[in-house]
Amino acid sequence: SAETPDEENFNPEEWLRRFGYLSRSGLQMSGPLSVQILSRAVSDMQRVYGLDPTGRLDGATLAAMRRPRCALPDRTPEAGEVRTRR
Amino acid sequence: FALTGQRWDKEQLSFSILDQRIPPSLGLNRTSNAIRRAFGVWSSVTPLSFQERPAGGAVDILLLFASGFHGDMSLFDGEGGSLAHAFYPGPGTGGDTHFDADEPWTLDAQNQEGIDLFLVAVHELGHALGLEHSENPAAIMAPFYQWSNAQNFSLHGDDIAGVQRMYGPPVASDAPPTHHDDITTTPPSTSSSPTHSTPGPPDPTQTEPDPTPTPPLATPTSHLTSPITARTGPDPVTPAVRRDAPPSICDGDFDTLTLLRGEMFVFKGRWFWRVRRNRVLENYPMPISVFWNGLPDDIDAAYERHDGKFVFFKGDRFWLFREADVLPGYPQPLHQYGRGIPAHRIDAAIWWEPNEFTYFFSGDRYWRYNEETRSTDRDFPKPISRWGKIPASPRGAFLSEDGASTYFYKGSSYWRFDNRRTEADRGYPRSILKDFMGCVGAPEPDPDPDPDPETERNPGTEPGRPPQPTEPGRGPDRELRPGSTEDDPDQEVNMVVTVVDSESKVMTLVMVTAPLLLILCILVLVYAILRTLQNKEPPRALVHCKRSLQDWV
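Here the protein sequences come in this chain order: A and B.
Numbering of the first sequence is given in the working numbering, commencing with residue 1 and proceeding in unit increments.
Numbering of the second sequence is given in the working numbering, commencing with residue 87 and proceeding in unit increments.
Now the structure itself:
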């Protein structure tokens, strides 16, 4: 239940993925994200939203994430190397 | 501002507004006027001009209202989430602009509670002209909605700089721009009264999935409920909500299953599971759209291609994903995937590592596909029975970890095919729920009875036909004897079994006797050496030396 923007199910990590601040390929990983990666993504989002880029998911940041917005992502998916089968 | 690198290569653009699902609170006329005003905002700062055409014809920019997944790459998520999206310039869908019909649209300049359609339209048309989201929070191209006075609206300097970077300033820059200067309107020929455009009361049947795929940007469809509207949707008693309850993996009847990056992914409806070592991972099932945004429900087949990309099939369309991101331009018609593949539907697909070909299964036939040439090989399709007694239209095919076996899935059963011996293993089907999903107590299906007792006693023998050599590991399609026909595929399989059986017996005999003979030879050699050492006297020189030493002492 990661993508619902309502109060109960709102998931900032999924929000960051959805709008391009975090790689969607990260969902392939089983473990949690590192604090550094998450903080960098939050800072990036805060900068775009005109907030102080603290990298912390504070109340203002969460409120900004819940604001209605355009469905297009703010960052295009990374065009990095993709692991091949072998 | 940020640019996408895409721009229109002409200065006169056409657009049309579909009148379906127009917000009833606004009506068609006010909605159309707001959109025209939004076009006027951009035309006032560029040399671009926009001409409105009746809906139904080919235009550069099509504007529509929709909800949920509506045939393109994006989902709408009900009120309060995503408002709209637009495609960047380009042929086909380039510039098309979609508004979420579920939002509380308004055009009341004093009402800051709703979402002002004009402001959102200006933003989306910025995308349609080639602008990305701006990092300037005050720009209209900032990604989030922010109210401003729509009556006295003017573009932010950042937005003007961005669009003029692409198209330059307006030609008649000395004339004061007005919002409607560069918009010509051709009245729609079709009747489009607000009455017609006003949606009626919610229709529960609209929430059922449509089995027939709709082409991209066809009439907007609201029947596919997004995972978000599913949880926050207004009507909790529609069939869609019942359908949204996460299913149990132990119910079986999956749409398809496949191995991606070596892990099993199981798809059913709008959900998927990840399964590892006979156990479903935590937090699954997960809606497909959470990971593969833009992929529809009820997919037919999926496989990991040799280059690591994921290919999904549904009906006569396919999607190409790099990890979780759909590649631009997809979905595409199935016939564009390659020459010769079944164009109507693919039931299962697998990149077959032993021979590095891809196999497609549809109905009771299968195709061998060359990824390099993007075409199926000649002499295909062939009967699916070459892979054993698997049923028609298998819903999944995947390799074992060591690549030694191929598994086929349908319903709650699976079949195993030995890739080295190129024959189907006996004792199948078995329960995939029990053996792969960890479902305790799942009933075991009855193994296929062998209809021919003679074959059971002496498998593979076929009276009157000599065995033919095979090419192990080249796939079941390689065992076709010269002169044989497609009409007797089972006989072909039997013939393969005969050859492989006799070869394997000889190999077993050699592999057992050769080491035994070697060990025997070594024992004999050791015995001979020991005997020789026991019988041999000390060297003459040593004896003499010993005597001389004794004398000397």
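Just so you know, even glycine gets a beta-carbon here, dropped at the ideal spot from N, CA and C.
Contact with chain A by residue i, beta-carbon distance below 8 Å
| i | result |
| --- | --- |
| Leu215 (chain B) | no |
| Ala434 (chain B) | no |
| Ile201 (chain B) | yes |
| His219 (chain B) | yes |
| Pro229 (chain B) | yes |
| His156 (chain B) | no |
| Phe162 (chain B) | yes |
| His242 (chain B) | no |
| Val376 (chain B) | yes |
| His421 (chain B) | no |
| His209 (chain B) | yes |
Residue i versus residue j - alpha carbon distance
| i | j | result |
| --- | --- | --- |
| Leu112 (chain B) | Ala214 (chain B) | 23 Å |
| Trp501 (chain B) | Pro515 (chain B) | 5 Å |
| Ile470 (chain B) | Ala434 (chain B) | 12 Å |
| Gly180 (chain B) | Ser100 (chain B) | 12 Å |
| Asp504 (chain B) | Arg481 (chain B) | 19 Å |
| His184 (chain B) | His171 (chain B) | 5 Å |
| Trp357 (chain B) | Gly157 (chain B) | 18 Å |
| Asp402 (chain B) | Leu420 (chain B) | 5 Å |
| Tyr389 (chain B) | Pro467 (chain B) | 19 Å |
| Gly212 (chain B) | Glu218 (chain B) | 8 Å |
| Asn238 (chain B) | Pro133 (chain B) | 22 Å |
| Thr76 (chain A) | Asp383 (chain B) | 24 Å |
| Phe125 (chain B) | Ile147 (chain B) | 11 Å |
| Gln418 (chain B) | Trp405 (chain B) | 7 Å |
| Ile121 (chain B) | Ser168 (chain B) | 18 Å |
| Glu509 (chain B) | Trp94 (chain B) | 57 Å |
| Ile518 (chain B) | Asp511 (chain B) | 15 Å |
| Gly527 (chain B) | Ser499 (chain B) | 14 Å |
| Met372 (chain B) | Phe351 (chain B) | 11 Å |
| Leu205 (chain B) | Pro255 (chain B) | 22 Å |
| Thr342 (chain B) | Gly200 (chain B) | 42 Å |
| Asn412 (chain B) | Glu14 (chain A) | With the sequence shown as reference, residue 412 (chain B) is identified as Val, and Asn is not the correct amino acid for it. One C-alpha to the other measures close to 17 Å. |
| Asp188 (chain B) | Val35 (chain A) | 36 Å |
| Met523 (chain B) | Pro333 (chain B) | 14 Å |
| Ser432 (chain B) | Asp450 (chain B) | It should be noted that the sequence gives Ile, not Ser, for residue 432 (chain B). Between Ile432 (chain B) and Asp450 (chain B), the C-alpha separation is close to 11 Å. |
| Gly59 (chain A) | Met65 (chain A) | 10 Å |
| Ala490 (chain B) | Trp437 (chain B) | 14 Å |
| Ile103 (chain B) | Pro529 (chain B) | 55 Å |
DSSP beta-bridge partners of residue i
| i | result |
| --- | --- |
| Thr183 (chain B) | B:Leu149, B:Ala172 |
| Gly482 (chain B) | B:Leu343, B:Tyr495 |
| Leu217 (chain B) | B:Leu89 |
| Val361 (chain B) | B:Met350, B:Val366 |
| Gln422 (chain B) | Looking at the DSSP assignment, Gln422 (chain B) forms no beta bridge with any residue, so it has no partner. |
| Thr192 (chain B) | B:Asp202 |
| Tyr514 (chain B) | Paired residues: none, contrary to the question. |
| Ser640 (chain B) | Here chain B covers residues 87 to 639 and nothing more, so residue 640 (chain B) does not appear. |
| Leu406 (chain B) | B:Val397 |
| Tyr500 (chain B) | B:Tyr495, B:Arg516 |
| Leu161 (chain B) | B:Phe155 |
Closer than 8 Å to chain B by CB, residue i
| i | result |
| --- | --- |
| Arg40 (chain A) | no |
| Arg24 (chain A) | yes |
| Glu14 (chain A) | yes |
| Gly55 (chain A) | no |
| Asp58 (chain A) | no |
Proximal residues of chain A, C-beta to C-beta of residue i below 9 Å
| i | result |
| --- | --- |
| Leu169 (chain B) | Pro68, Arg69, Cys70, Ala71 |
| Val29 (chain B) | No answer is possible for residue 29 (chain B): it lies beyond the span of chain B, which begins at 87 and ends at 639. |
Within chain B, partners of residue i - CB distance below 7 Å
| i | result |
| --- | --- |
| Gly50 (chain A) | Pro223 |
Complete runs of the alpha helix (DSSP H) confined to the segment 366 to 404 of chain B [at least 4 residues]: 374 to 377
Any chance you could list the alpha helix (DSSP H) runs of at least 4 consecutive residues sitting entirely within the segment 412 to 478 of chain B, in chain order? none
At 4 residues or longer, and completely inside the segment 220 to 257 of chain B: list those alpha helix (DSSP H) runs for me, N to C. 243 to 253
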